[in-house]
Every structure is written in C-alpha cells, then in structure tokens.
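Colleague: Position one of the sequence shown corresponds to residue 1 (the working numbering), numbered consecutively onward. By construction, the Cβ of each residue, glycine as well, lies at the ideal position given by its N, Cα and C atoms. Could you have a look at this structure, given as structure tokens, before my questions?
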Amino acid sequence: MNWVRISCAVASLAFAATIMGTGAAEAAMGDTLKTIKERGHLLCPGHNGTYLGFAEVDNAGNWKGFDIELCRAMATAILGSPDKLKVVPISFAQRFPAIQSGDIDLIIKVTGWTLGRDTELGLQFSQPYFLGATQLAVNVATGAKTGKDLNGASLCSQAGTSTERLAADYLTNLKIKYEMVSFEKSEDMRAAFFSGRCDAVALWGPNLAISISQATDPNKFMALPDVLAVEPQSIAMRQGDDQFVDIANWMLTVLITAEEYGITSTNVDEHKAKAGNPTVARMLGATPGIGKRLGLSESWGYDVIKHVGNYKQIFDRTLGDGSPYKMKRGVNSLIRDGGVLYPLVID
Ligand SMILES: N[C@@H](CCC(=O)N[C@@H](CS)C(=O)NCC(=O)O)C(=O)O
Numbered sequence: 001m002n003w004v005r006i007s008c009a010v011a012s013l014a015f016a017a018t019i020m021g022t023g024a025a026e027a028a029m030g031d032t033l034k035t036i037k038e039r040g041h042l043l044c045p046g047h048n049g050t051y052l053g054f055a056e057v058d059n060a061g062n063w064k065g066f067d068i069e070l071c072r073a074m075a076t077a078i079l080g081s082p083d084k085l086k087v088v089p090i091s092f093a094q095r096f097p098a099i100q101s102g103d104i105d106l107i108i109k110v111t112g113w114t115l116g117r118d119t120e121l122g123l124q125f126s127q128p129y130f131l132g133a134t135q136l137a138v139n140v141a142t143g144a145k146t147g148k149d150l151n152g153a154s155l156c157s158q159a160g161t162s163t164e165r166l167a168a169d170y171l172t173n174l175k176i177k178y179e180m181v182s183f184e185k186s187e188d189m190r191a192a193f194f195s196g197r198c199d200a201v202a203l204w205g206p207n208l209a210i211s212i213s214q215a216t217d218p219n220k221f222m223a224l225p226d227v228l229a230v231e232p233q234s235i236a237m238r239q240g241d242d243q244f245v246d247i248a249n250w251m252l253t254v255l256i257t258a259e260e261y262g263i264t265s266t267n268v269d270e271h272k273a274k275a276g277n278p279t280v281a282r283m284l285g286a287t288p289g290i291g292k293r294l295g296l297s298e299s300w301g302y303d304v305i306k307h308v309g310n311y312k313q314i315f316d317r318t319l320g321d322g323s324p325y326k327m328k329r330g331v332n333s334l335i336r337d338g339g340v341l342y343p344l345v346i347d
C-alpha cells in the first residue's frame, strides 16, 4: 500500500505549483482548440483506479461516470462525436501538472474552484457544474459524533485534493490534534479506512455514501454532521485558453437548457424540426449562429444532446436511478426544482 504521511500541514497546492515550475507560463498559449482539432481527439483525465460514479472503468474496459460524460460532451461539441476522446488515467494530484504539460487538454475531475488554483496554477475555470459538501466519515467504533470528538484521531485523505486541505483547515480551527494519512489511490484510501487503519476519512459528499457502500459492512461507518465546505466543481483549463473556456461554459449551458425544455437525445430531432422556441432553435442550430461565434460547427449543440443527452440524462445514468448508486439530484437540480443549476442565456 502506498502511504504518504503528512504531519498536519497539507502542502498539496504548494506541491503542484513546485512541480509545474515555469511550465504554467509556457503552456498558456491559448491554442488548445486548434490543437484538439488537428489531433482529432480530446484528451481528458480519468482516474488512477475508480472514482465511483464520476470516473470508473466498466466490465468491458470502457470509462464511464459523470465526469467522463462531460468529456464526451466536450469531444462532441468540438469534434462531432463522443468517441473522439482519449481518457488519460491520472490521480487527483497529477491533474495539475498534467494539464500544464499538455498530457490532458482540460480537467474534468470533480475539481473544486479554489482561490489558490485560480491564481497560482495558471488555470481558469468554467461555471460550476456540480455542488458537493465536504464531510468527515468515521469508524463507528471511535464513538465520535462530531468533528470535535476526533482529538488524537488518524484521518485518511486523498493526496492533492482540496478535500484534504479543507479537512486540515477544519480540524486545525477546532484546535484538534490529528494525524493525516494521505493516499494517492482511492482504492488504497478506502481499504485503509475500512480496515480500521484510520479512525476517520475526509470525503467529498456526493462520493461519501457511494464510498461507504463499498465496505463489507457499511454499518460500521457513518458520516459526521459537520459540513467542512460546500465546494463547487468546475472544468479547469489553462490560462489564456479563453475560447476554450467559452466552449466549456456553453456546453454546460446546452446540457442544462436542454433539461429545462425537456429536450433529450431521443426527441431532439422533433425539437429541431419544430424550431418553435427561438432559444431552442438557436441552441440546436436551426437558426445559425452559435457555431461560428465559438469556432464550432453550427450543429454542435444538437450533436451534444443527440449523442450524450441533457444534464438529467447524464446524471440519471451515471449517479441517479439508472445507476447502481441511486443518488438524488438534491442541490444539483435545476433552479426551478429548488436546486442551484441554471443555464446562461443563449441569445
Ligand atoms: N473536489 C476535490 C476532489 C474530490 C475528492 O477529494 N475526493 C476524495 C476525497 S478524499 C474522495 O471523495 N474519495 C473517495 C473515493 O475515492 O472513494 C478536489 O478538487 O480536489
């Protein structure tokens, strides 16, 4: 098992910045869209193992999950097909050096939009596409009921994540002594927690219930009520790639707008033929404009919905009722349904 012991102070951001050195500035050329078109496929991050529900490999060896679907949507928007995608398996810690070295074109990997990443890593972010609380889970045997009860505890976390940093900040603020045990691989972290090597674990909420459900006896573990942060997840891109950021934002808006209007991969042709609503007509390319302005084909919005589906379809098959996880939409619902998701205006 790959253990990295870190005594309380978490230096993941400093670590990423150090590895990258001057690379960040060199890579900020703003030509990612051109590079992808010439290469003929998009390079997106997967995971170094399984990040359940977001990036995992199925029995046939294919990548699946919510983030992978967003990669497929980006590939479709740019190249017309969800298959024009190469998923590069990397860890959370590797995602920042990997984007600067050009190993990946963008980061779609439940990546929290934080001040440090925005200002120190040569990155810029899309509008958030998923909100999730960062929480602690404990081994029930510890008797801990809240974070305050964790004095002297060992805490499992994942290297190079904002989750690790948030947990360190939270426990430091509670003036609690703890030992952070950091893992590069999700599997190793889960195994250490389930085997009792750590008293507690810091997890990103949407993945918490899924992670605990993997234990042989899930009843031995429980989430604490403390909410360490509610972290918005965004697509990260290199600084200077402004047109690419526009494409990511409008791709997300297409997914959300399609859900709002009930446009799915199965009925999108009818909606395009009808072209009644001006917003829908523009989004589907029945009224031209959205392609040229972004350096894409006029049918890119239609293509994304046709091949990948709307936000609800993506959520349902990767995390919701069509998946093993049966996650509720909760806060990641459309604003009209009481959630935080809203589309930008397609004018
Ligand atoms: N949002 C985080 C990444 C998400 C994350 O930290 N996930 C880890 C936290 S340790 C997790 O939930 N792992 C559980 C698992 O992989 O099963 C970031 O941007 O750094």
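How close, in whole Å, do the beta carbons of Phe92 and Gly160 come, if the pair is a contact with beta carbons under 8 Å?
Modeller: Confirmed, about 5 Å.
Colleague: What does a CB cutoff of less than 7 Å around Glu69 pick up in its chain, not counting 5 residues either side in sequence?
Modeller: Val308, Ile314, Thr318.
Colleague: Count the CB pairs spanning the region 220–229 and the region 89–109 that are closer than 8 Å, and state whether there are at least three.
Modeller: Taking 8 Å as the limit for Cβ pairs, the verdict is that the region 89–109 does not touch the region 220–229.
Colleague: Excluding the five sequence neighbours on either side, which residues of its own chain have a C-beta within less than 7 Å of the C-beta of Asp246, listed in chain order?
Modeller: Leu294.
Colleague: Any heavy atom of ligand 1 closer than 6 Å to the Cβ of Thr142?
Modeller: The answer is no for Thr142.
Colleague: How should Val345 be labelled, buried or exposed, when 16 other C-beta atoms within 10 angstroms of its C-beta is the threshold for buried?
Modeller: Answer is exposed; the Cβ neighbour count stays below 16.
Colleague: Taking the continuous alpha helix (DSSP H) assigned at Ser211, which residues delimit it?
Modeller: 205–212 is the extent of the alpha helix (DSSP H) around Ser211.
Colleague: Which of the three DSSP states is assigned to Ala28 in this structure?
Modeller: Confidence at Ala28 is low in this model, with a pLDDT of 43, below 50, so the placement of that residue should be treated as unreliable; the coordinate-derived value is given next. If DSSP states are grouped into helix, strand and coil, Ala28 belongs with coil.
Colleague: Examine the Cβ distances between the region 117–131 and the region 238–256 and report whether three or more of them are shorter than 8 Å.
Modeller: In short, these stretches touch, since the Cβ pair count reaches three.
Colleague: Which ranges would you report for the beta strand (DSSP E) in the region 76–128 if only whole runs of at least 3 residues count?
Modeller: Segments of the beta strand (DSSP E) lying fully in the region 76–128: 85–88, 107–112, 123–125.
Colleague: In the structure shown, what three-state DSSP assignment does Ala16 receive?
Modeller: Bear in mind that a pLDDT of 46 at Ala16, under 50, signals an unreliable position, so the number given afterwards is only what the model happens to contain. It is helical.
Colleague: If you drop the 5 nearest sequence neighbours on each side, which residues of the same chain put their C-beta closer than 6 Å to that of Tyr51?
Modeller: The answer, listed in chain order, is Ser186.
Colleague: Say whether the region 297–312 touches the region 32–40, bearing in mind that this needs 3 or more beta-carbon pairs closer than 8 Å, one atom from each stretch.
Modeller: Segments in contact, no.
Colleague: Could you say which of Thr134, Ala75, Val87, Arg336 lies nearest to Met251 if we only look at CA atoms?
Modeller: Closest by alpha carbon: Ala75.
Colleague: Are any of the Cβ atoms in chain D nearer than 7 Å to that of Met327?
Modeller: The chain inventory of the structure shown lacks chain D, comprising one protein chain alone.
Colleague: Identify, in the order they occur along the chain, each residue of the same chain with its Cβ nearer than 7 Å to the Cβ of Asp67, setting aside the five sequence neighbours on each side.
Modeller: The residues are Phe54, Ala55, Ile108, Lys109, Val110.
Colleague: On the DSSP letters alone, give me the boundaries of the beta strand (DSSP E) that Ser182 sits inside.
Modeller: Here the beta strand (DSSP E) through Ser182 covers 178–183.
Colleague: Is the beta carbon of Ala167 less than 7 Å from the beta carbon of Ser154?
Modeller: Their beta carbons are not under 7 Å apart, which means Ala167 does not touch Ser154 by this criterion.
Colleague: When you compare the CB positions of Asn139 and Asp217, do they come within less than 7 Å of one another, or not?
Modeller: Going by C-beta atoms, Asn139 is not nearer than 7 Å to Asp217.
Colleague: In terms of DSSP beta bridges, what is Trp63 paired with?
Modeller: Note: Trp63 sits in a beta bridge opposite Val57.
Colleague: Buried or exposed, going by whether 16 or more other CB atoms sit within 10 Å of the CB of Gly338?
Modeller: Classification for Gly338: exposed.
Colleague: Using a Cβ-Cβ cutoff of less than 7 Å, which residues in the same chain neighbour Asn151 once the five nearest sequence positions on both sides are dropped?
Modeller: Closer than 7 Å at the Cβ level, and outside the excluded window around Asn151, lie Ile176, Lys177.
Colleague: How many angstroms separate the CA atom of Leu203 from the CA atom of Pro128?
Modeller: Their backbone Cα atoms lie some 19 Å apart in a straight line.
Colleague: So, with DSSP's three-state summary, where would you put Gln233?
Modeller: Reduced to three states, the DSSP call for Gln233 is strand.
Colleague: Roughly how many angstroms separate the alpha carbons of Val201 and Cys71, rounded to a whole number?
Modeller: Looking at the two C-alpha atoms, the distance is approximately 29 Å.
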